[in-house]
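J.:
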Amino acid sequence: MALFISTFDHVGLPMSFISTLRSLYDSPTSAVITPGTVPTSFSVGNGTRQGCPLSPLLFALSLEPLLSAIRHSPHITGVTVGGEEYKVSAYADDVLLTLSHPSASIPPLLSLLRDFSAVSGYKVNLEKSVAMPFSLSASICQEIESSSGFRFTRSSLKYLGVWLTPDVKGLHSLNYEAMFKLLGEDLERWGREGVSWIGRINCIKMNLLPRLLYLFQALPIWVCPRSLRQLQSQIEGFVWAGGRRRVSKYVLYRPKERGGLGLPHLYKYFQAAQIAQFVMFHLPQHSQRWADLESDLFAPDLPQFYFWLPKEFRPLLRSTCTATLTSLRVWDSVRDKFHLCSCYSPLMPYLRNRAFVPGLSPSAFTAFENIDLQRIKHFRSPGGDWFSFSDLQSKGDLRTFDHFRFLQIRDFLSQHNISRAASQKLTFFESMCDSGRAPKALISTLYSHFSCEDVSWLTPGFIARWEADIGEELEGEEWQDMWENIAKVSICVTLKEQAYKTLYRWYATPVLLSHLQPGTPDVCWKGCGARGTLFHMWWLCPKVRSFWDRIGDLLEEVFKQPVPLDPWAFLLHRSPASLQGPDCKLFHRIVLGARRALAKHWRAGEVPSVEVARAYIAEAHHMDKLSAVIHNSLPSFYKTWSRWEETN
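All residue numbers for the sequence shown refer to the numbering used here, where the first residue is 1 and numbers rise by one.
Written as structure tokens, this is what we have:
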């Protein structure tokens, strides 16, 4: 305990926090409770109390003295890149060492582990410790293995769920191909379960996607698009349970806020994960060790500048770092397609730029770099005027003989395309990079942008068909409001499915069946004699209209005011102008229950009674209450359903 208290004090934790820890873990005791017996306490001499939420933090902090000793030991040598030495990576109790000169480094490492174990109780299981040699002879490996106890492997080793190989070429087959095979088997097994189609989409989002996203980030290598397309095809088959696709592919992958179902598009997520890594290069130096490492491997260029150059302006690339080259390859494929930046970006550097020959020798412009004048936008004021040399001198230490270099830069910036680019307004992505901060939910933000900006998305066909049926064209914002209402109409998948089925014109009609099976009558199944189109079956049929009239009476009883019979509101969840806040939420739940009742009697000759509709509404009420109990949100539930409970 004394070691840990000293460690916590050394890293600068407040004394109040340390005192709290001391109270919790100074001679701690625990007991095993067995029914019918008196529990006997025993001392906890090592570790933390079971279930203690501080356990992960305490372990990470307690391991830091060992990691720090390894980093600062002159006898343990790591891999040096760009003047920085990389020895150890750690996540919880998974430690990865990258050592050079292992014959000389491993003995002091083992001695350090023994010393730390003696004072902390921390032990290394040598039988589970694996070493992978690079360019070491078999005799040296055998000698180290016999003296250290480490097990050597020349093929691969696993760290944090990722298989590492001596050759980069082996990473894809061991990780991605194995993952694709496992996911395919999972999809086949899940397909045998009785899960709804929206539930299947949720399975992809909650189970399959996180596993792939982890690999996309932890192993940034090029992924074969063909493999992703094949897995995407398996996912589509899983969603529709091997049957016919019931909505268009455009609707299936469209974001929910654009009226789609939001099925993850794997290749776009791969692109978003790679571009997210590019954003991280713009953080201040030493914010991310991996970014510093990749930047050093990218020398003499820097990714945060090189990527912004048009291809024709880029100097010869010398880096062989697979991770950075993958990000660059993806960046070149998406920068124009998704409008991340224009051809000539305001963030384009003038140094190491083939269009500016003097800048190919950056040392001559060190004075400008030192005052953070590295991009073309830095030479324009917020008002759009060019800075004069005296303006720049006020920013930092520019000497008189730097004026010549300033004139060279101004001559380059005076070119038409460059001058226009320097004064352009930054795109959302350029602003994100220029801020020097890491945004929250970065990959999700980029994926959403890619999905919304994809020019291949068509306007959903159901929009034009609904507008033609109802005889009114809506603004885009009105459609977005309805899509948002549908997405939030219920947490229950069964109830939500009905809203989406109505929106996507899912239901078969007499007219459709007559078209598919010539000779089949196309008249309304309710016996009114009219042609049975989708809108007729949902709204125009006299029997159906009488049903909606009775639902209107029910709504008037609940809200103490008449609610206009509007097909946009009753069928597609446009919020009535006369209702606000919780009343709107309740309205959407009531009409959803009414539509469920009508859908259950879709091919029947009669429409359901109001009592049947009430039963479906009561089911929605029950599901909302259960959800509120689980999420501890009963006040919000009562606020929404209070009017219903008062009248039922």
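Glycine included, every Cβ here is placed at the ideal spot set by N, Cα and C. These figures come from a predicted structure and were not determined experimentally.
Below 8 Å on the Cβ atoms is my contact criterion, and I expect T322 with I221 to pass it. Report the Cβ-Cβ distance as a whole number of Å.
T.: About 5 Å separates the two Cβ atoms, so the contact holds.
J.: Pop quiz: R399 and F368 are said to be a contact at Cβ under 8 Å. What is the actual Cβ separation, rounded to whole angstroms?
T.: Not confirmed; about 11 Å, so no contact.
J.: DSSP on T445, reduced to helix/strand/coil?
T.: Helix.
J.: Spatial neighbours of Q498 within its chain, please: CB distance less than 7 Å, with the 5 preceding and 5 following residues excluded, ordered by chain position.
T.: Answer for Q498: L592, R595, R596, A599, listed in chain order.
J.: On the DSSP letters alone, give me the boundaries of the alpha helix (DSSP H) that D469 sits inside.
T.: Where D469 is concerned, the enclosing alpha helix (DSSP H) stretches over 461 to 470.
J.: With a threshold of 7 Å on Cβ separation, who are the neighbours of P108 within its own chain once the five nearest residues in sequence on each side are excluded?
T.: These residues qualify, in order along the chain: S73, H75, I76.
J.: T66 lies in the alpha helix (DSSP H); which residues open and close that run?
T.: First, the residue type needs correcting, since residue 66 is Leu and not Thr in the sequence shown. Start and end: 55 to 72.
J.: Of the choices N370, R375, M15, L413, whose alpha-carbon is the least far from that of Q393?
T.: Among N370, R375, M15, L413, the Cα nearest to that of Q393 belongs to N370.
J.: In three-state DSSP terms, what is I41?
T.: The sequence given here has Ser at residue 41, not Ile. In the structure shown, S41 sits in a strand (DSSP, three-state: E or B).
J.: Around the C-beta of C433, are 16 or more other C-beta atoms found within 10 angstroms, so that it is buried, or is it exposed?
T.: Looking at its Cβ environment, which holds 16 or more other Cβ atoms inside 10 Å, C433 is buried.
J.: Would you list the residues sitting across from L97 in a DSSP beta bridge?
T.: According to DSSP, L97 bridges with V88.
J.: Taking the Cβ atom as the reference point for each residue, do P564 and P576 lie within a distance shorter than 8 Å?
T.: Taking 8 Å as the Cβ cut-off, P564 and P576 qualify as a contacting pair.
J.: Could you tell me which of R589, A241, P210, L297 sits nearest to G199, measuring between CA atoms?
T.: The residue with the shortest Cα to Cα distance from G199 is A241.
J.: Note down the Cα distance separating F365 from P346, rounded to an integer number of angstroms.
T.: When rounded, the distance between both Cα atoms is 19 Å.
J.: Could you tell me the alpha carbon to alpha carbon distance between S435 and F428, rounded to whole angstroms?
T.: Approximately 11 Å between the Cα atoms of the pair.
J.: Helix, strand or coil for A597? Go by DSSP, reduced to three states.
T.: In the structure shown, A597 sits in a helix (DSSP, three-state: H, G or I).
J.: Quick check on this structure: which residue in K440, G396, A508, F356 has the alpha carbon closest to the alpha carbon of D411?
T.: Minimum Cα distance to D411 is reached at F356.
J.: What's the gap between the Cα of F4 and the Cα of T20?
T.: About 13 Å.
J.: Quick one: measure Cβ to Cβ for I376 and L413, integer angstroms, because I've assumed they're closer than 8 Å.
T.: Confirmed, Cβ separation roughly 6 Å.
J.: Please state if the CB of V558 and the CB of T640 are separated by a distance shorter than 8 Å.
T.: No, they are not a contact pair.
J.: What residue range does the beta strand (DSSP E) around V334 cover?
T.: Segment 322 to 334 is the alpha helix (DSSP H) holding V334; no beta strand (DSSP E) there.
J.: Between which residues of its own chain and M133 is the CB-CB distance below 6 Å, once the five residues before and five after are set aside?
T.: Reading off the sequence, residue 133 comes out as Pro, not Met. Only C141 meet the Cβ criterion.
J.: Am I right that G384 and S423 are in contact with their C-beta atoms under 8 Å? What's the rounded C-beta distance?
T.: Going by Cβ atoms, the distance from G384 to S423 rounds to 5 Å, so yes, they are a contact pair.
J.: Residues in its own chain within less than 7 Å of D94 by CB, not counting five upstream and five downstream?
T.: These residues qualify, in order along the chain: Y159, L160.
J.: Is the beta carbon of H622 closer than 8 Å to that of V489?
T.: No. Outside cutoff.
J.: With DSSP run on the structure shown, which of helix, strand or coil describes S139?
T.: Residue state, collapsed to three classes: helix.
J.: If we require 3 or more residues per run, which beta strand (DSSP E) segments fall completely within the region 383 to 457?
T.: The qualifying runs do not exist here; there are none.
J.: Report the option in M15, V247, S43, V38 whose CA atom is closest to the CA atom of D26.
T.: Nearest C-alpha to D26: S43.
J.: Let me check one thing: in DSSP terms, what residues is P349 bridge-paired to?
T.: DSSP, once it has assigned bridges, lists R375 as partnering P349.
J.: For F637, which residues of its own chain have a beta-carbon under 7 Å away from its beta-carbon, when the five flanking residues on both sides are left out?
T.: If we look at F637 and ignore the five residues flanking it on each side, its Cβ neighbours are D624, K625, A628.
J.: For A613, which residues from the same chain have a beta carbon less than 7 Å from its beta carbon, with the 5 sequence-adjacent residues on both sides left out?
T.: Closer than 7 Å at Cβ, skipping near neighbours: I551, G593, A594, A597.
J.: Apply the 10 Å Cβ neighbour rule to E294 and answer buried if 16 or more other Cβ atoms are within range, or exposed otherwise.
T.: Flag for E294 reads buried.
J.: Taking the C-alpha atoms as reference points, what is the distance between I617 and S578?
T.: Distance between the alpha carbons of I617 and S578: 21 Å.
J.: Going along the chain, which residues of its own chain have a beta-carbon closer than 6 Å to the beta-carbon of P358, five neighbours each way excluded?
T.: Once the five neighbours on either side are set aside, the close Cβ partners of P358 are Q408.
J.: Going by C-alpha distance, which of R211, G82, S55, T7 is nearest L67?
T.: Selected option, being the one with the closest Cα: T7.
J.: Per the contact definition of three or more C-beta pairs closer than 8 Å, is the region 242 to 257 in contact with the region 299 to 314?
T.: Flag = no, the region 299 to 314 and the region 242 to 257 do not touch.
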